[in-house]
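Data first, discussion second: the structure below is written as structure tokens.
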Amino acid sequence: MEKSINNEINKNQHIAVIIPITRLPKHLDYFDYIIPEELQNKIRINQIVEIPFCNRKINGIIVKIKTQSTEDSIKLKKINKIFEPEIILSEHLIKLIQWASNYYCASLPLIAKIIFPEIPKRKILNIPKQFTTLSLEIAKRLTVPKKSLTKIKDAIDLINKQEIKCELLCYQNQSEKFFVYIKIIKIFLDKNPQKQILIIVPQIADIQQIYQYLNYYFSNQISVLHNKLSQTLFWQEWQKIYNQQSKIILGTRLAIFSPIKNLNLIIIDNEESLTNYKSEQNPRYNVQTLAEKISEFTKAKCILASQAPRVETFYRTQSNTQNISIAHLDKNKLNINIVNMQDEWRKENYSLISDELEGKINQTLEKKGKIFLFLNRRGLGTITKCIDCNHLFKCPRCSLPLILTHQTQTVNYKFICCHCNFIQDRAIKCPHCNGVNIKTSGIGTQRVEKEIKKLFPDVKILRVDKESEIFTNYSKYDIIIGTQFFFKQFNQPNIFNLIGIVLANSLFYRPDFRSSEKTFQQLSQIINWSNNQSDIIIQTHSPENYVIQALAKQDYYFFYKYEIEMRKKFNYPPFYKLIKLIYQNSDLKKIEKETNELVDKLKMCFSLSKTVEIIGPISPMISKIKEKYRKQIILKINSNFNFSFLNKKLLNELDKNWIIDVDPVEIL
């Protein structure tokens, strides 16, 4: 190769600046490659090419073309060839790679690897369809009451205004939400037939329901993207989007990186589903953040739809400085009753089922009605410990408490870890002191099932959680006991005449600033998911708590008023930005040394600043994962502070043992 370069007549060589599409550390971003003479007139900016890299062939994105003297470029490698079929990425995707790399402290090649998919080695024909199509009968269900039409028209008119770039759509009823989606998509496609629309949903299970309606109204114009697709099918869908054969792109969070050329509208469905929209792997991106950045780059409209919006999102609608407006759909008043479980104890009723809930279940069964009982905890109990020495039974992999469950098929009691699915037999004696005085406390769905079977021995009862079998015909059961797992899988809530929330405050006391918000959002979804004619009973030990009060009033503003004051008082989002830094290593001494050294550096850097608060190092709730111990540092940064300075100064210098989580979901 050196001889051919030395023999060049021109003194200058054309050089391509390339982002390799591969996993690389933070400090490695761009690489220079010689453009061979035969490709001189074919190479384009943002083009995908094949390059030699570390003794292998990989793809890369050309972001710049420059000239360089032949002597300077003598050690550079050449581009192998242009990727086939020829791919030139949209300008907004290149901007997104660069912005996300800086914001989330990740390398450009790593972001590029998410954007450009793995290419299948061989072509497979006759790929089956992902979803069934919608019948005319189901399509007719997408109707709304006449009284709601005026409110829906107002919402659509507001969304359609040019000057508003971001819209928060607050809804209660799923049918009305889908009705708005279909109407607004039709308006946008009629206005700009060449444009494309992106719809992001929280989970794969959410795709089927919305796909059916979209396919009925916009057949053969839809591509679906999610991480469970085969490599071949994903690549096929990706190409359809790139070639503009698909007008509507529907998918989970990775669909945000779709190769759309003419984006006109982005819809983020259930924007409050932060745990689904925030990546748990590096780079730890947030879909909503990226969607609004893409909207800024492309001038596309962004709709955030929610039943109970994130506090940060709603705060922006209340601020005159933010270009985000709010559209409300009609709300129906539901029949909600709060039961104080403290009163039950005073009556010496120590059951999980209050007298009122038991009475309502009886009444519903007499009328041949259906009942759903919700508790978002699996198992018989949530904590098992030795009474003699206080030893807590924890997962050996991740140090979280083990949950006691009953395996129906084998008639065995098991310990299970909800985080990593570690399973072991129930302990007969304590491994620490050999004592046999072992007690399990807390409640789970299996314990609720036992109590319900005692109270109602002659009815058909089904428990549905991650450990139970999956059924399709739920209608033959009288009482269903389920976690959020059932709630996410089941799309026919109208069969239930009574919904009982067994313990509403199970998330209240988690030591995390989002615990009240998560509780309110989760219970709001279940309440709104119910039939308007359903009775709803919420059992709680804290009826005076503002979350329970807001649910009883069905008043988001009531919840928001209390929650935003708490956030302001304790310096949490939206007033402060959070960064979670986790160091993991099998050597505890190394962890202590590295985390303390970083805290000292941070304190020196911000000793005179009141805009950055440093918490830690502290042990997180999950203090051990895959045999590695963990410690974390939490940074609270005033929203007015330019934290990119912090990235360049300190965060980008951290080694691979550090996890950098910008805007974490929780700080436990």
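In my numbering, the protein residues as written are 1462 to 2129.
All C-beta atoms in this analysis are idealised placements derived from N, C-alpha and C, irrespective of residue type, glycine included.
It should be emphasised that the depicted structure is a prediction, and the values quoted were computed from it without experimental measurement.
With distance defined between alpha-carbon atoms, name the residue in Asn-1681, Leu-1818, Glu-2024, Val-1909 nearest to Gln-1706.
It is Asn-1681.
Kindly indicate which residue of Pro-2035, Ile-1999, Leu-1659 has the alpha-carbon position closest to the one of Ile-1755.
Selected option, being the one with the closest Cα: Leu-1659.
Quick test of the definition: if touching needs 3 or more C-beta pairs under 8 Å, does the stretch 1640–1647 touch the stretch 1692–1706?
Flag = no, the stretch 1640–1647 and the stretch 1692–1706 do not touch.
Please classify Pro-2078: is it buried, with 16 or more other beta-carbons within 10 angstroms of its beta-carbon, or exposed?
Classification of Pro-2078: buried, given that the 10 Å Cβ count is 16 or more.
Out of Lys-2064, Trp-1990, Phe-2102, state which residue places its alpha-carbon closest to the alpha-carbon of Tyr-2037.
It is Phe-2102.
Compare the Cα-Cα distances from Cys-1850 to each of Glu-1827, Gly-1896, Leu-1711 and report the closest residue.
It is Gly-1896 whose Cα lies nearest to the Cα of Cys-1850.
Neighbourhood of Ile-1702 by C-beta, 7 Å cutoff - its chain only, sequence neighbours within 5 removed:
Here the set comprises Ser-1684, Ile-1710, Ser-1719, Pro-1720, Ile-1721.
Pro-2035 to Cys-1515, Cα distance in whole Å?
Rounded to the nearest angstrom, the two C-alpha atoms are 44 Å apart.
Per DSSP, Gly-1961 is paired with what?
Under DSSP, the beta-bridge partners assigned to Gly-1961 are Leu-1834, Ile-1998.
Need the endpoints of the beta strand (DSSP E) that Asn-2046 sits in, please.
For Asn-2046, the uninterrupted beta strand (DSSP E) run begins and ends at 2037–2046, by DSSP.
Where in the stretch 1603–1662 do unbroken runs of the alpha helix (DSSP H), each at least 4 residues long, occur, reported from the N-terminal end onward?
As summarised for the stretch 1603–1662, the continuous alpha helix (DSSP H) elements at least 4 residues long and confined to that stretch are 1607–1620, 1635–1652, given in chain order.
Note the first and the last residue of the continuous beta strand (DSSP E) segment covering Ser-1767.
Counting along the chain, the unbroken beta strand (DSSP E) around Ser-1767 starts and ends at 1762–1767.
Tell me the rounded alpha-carbon separation between Ile-1661 and Lys-1915.
Straight across, the Cα-Cα distance linking Ile-1661 with Lys-1915 is about 44 Å.
Give the range of the beta strand (DSSP E) segment to which Asn-1737 is assigned.
Not the beta strand (DSSP E): Asn-1737 falls in the alpha helix (DSSP H), residues 1735–1738.
What residue does the alpha helix (DSSP H) around His-1789 start on, and which one ends it?
Here His-1789 belongs to no alpha helix (DSSP H); instead the beta strand (DSSP E) covers 1785–1789.
Residue environment, Tyr-1674, which counts as buried when at least 16 other CB atoms sit within 10 Å
The residue is buried, with at least 16 neighbouring Cβ atoms inside 10 Å.
If you count every other CB in all the chains shown that lies within 10 Å of the CB of Met-2065, and 16 or more means buried, which is it?
Exposed is the call here.
Spell out the partners DSSP gives Leu-2096 in its beta bridges.
For Leu-2096, which the question treats as bridged, DSSP gives the partners Ile-2040, Ile-2075.
Would you call the CB atoms of Lys-2097 and Asn-1958 closer than 8 Å?
Cβ distance not < 8 Å, so Lys-2097 and Asn-1958 don't count as in contact.
To the nearest angstrom, how far is it from the Cα of Val-1800 to the Cα of Arg-1807?
Taking the straight line from one Cα to the other gives about 13 Å.
Closest to Tyr-2018 by CA distance: which of Thr-2072, Ser-1780, Pro-1770, Ala-1761 is it?
It is Pro-1770 whose Cα lies nearest to the Cα of Tyr-2018.
DSSP has Glu-1511 in a bridge; who is on the other side?
Looking at the DSSP assignment, Glu-1511 forms a beta bridge with Asn-1520, Lys-1542.
Quick one: Cα of Ile-1503 to Cα of Asn-1473, how far?
A quick correction: the sequence has Lys, not Ile, at residue 1503. Rounded to the nearest angstrom, the two C-alpha atoms are 18 Å apart.
If I follow the unbroken beta strand (DSSP E) through Ala-2131, where does it start and stop?
Within the shown structure, residues of the chain are numbered from 1462 to 2129, placing residue 2131 beyond reach of any answer.
Can you give me the C-alpha to C-alpha distance between Ile-1889 and Phe-1876, rounded to a whole angstrom?
Taking the straight line joining both Cα atoms gives about 12 Å.
Can you give me the C-alpha to C-alpha distance between Lys-2117 and Leu-1550, rounded to a whole angstrom?
Distance between Lys-2117 and Leu-1550, taken at the CA atoms: about 30 Å.
Ordered along the chain, which non-local residues of its own chain (more than five positions away) have a Cβ less than 7 Å from that of Ile-2095?
Around Ile-2095: Leu-2039, Lys-2041, Ile-2076, Gly-2077, Ile-2128.
Whose C-beta lies closer than 8 Å to the C-beta of Trp-1560 among residues of the same chain, with five residues either side of it excluded?
Correct list, in chain order: Lys-1754.
Taking one C-beta from the stretch 1775–1792 and one from the stretch 1619–1629 each time, how about it: are there three or more such pairs within less than 8 Å?
Yes, they touch.
Could you give the distance in angstroms between the alpha-carbon of Val-1478 and the alpha-carbon of Ile-1960?
Cα to Cα, Val-1478 sits roughly 60 Å from Ile-1960.
Which residues in the same chain as Thr-1871 place their Cβ atom closer than 7 Å to its Cβ, once the five residues preceding and following it in sequence are excluded?
Caution is warranted here: a pLDDT of 42 is assigned to Thr-1871, below 50, making its placement in the model unreliable, and no coordinate value can be reported.
Which residues in the same chain have their Cβ closer than 6 Å to the Cβ of His-1852, if we skip the five residues on either side of it in sequence?
Hits under 6 Å: Cys-1891, His-1893.
Check each candidate in Pro-1857, Asn-2113, Thr-2072, Asn-2046 and name the one with the smallest Cα separation from Gln-2093.
Nearest C-alpha to Gln-2093 among Pro-1857, Asn-2113, Thr-2072, Asn-2046: Asn-2046.
Can the beta-carbon of Phe-1679 be found closer than 8 Å to that of Lys-1638?
With a cutoff of 8 Å on beta-carbon distance, Phe-1679 and Lys-1638 are scored as not near each other.
Considering only the beta carbon of each residue, do Pro-2081 and Ile-2043 sit closer than 8 Å?
Contact: yes.
Taking the beta carbon of Tyr-1494 as the centre, do at least 16 other beta carbons fall within 10 Å, making it buried, or is it exposed?
Per the 10 Å Cβ criterion, buried.
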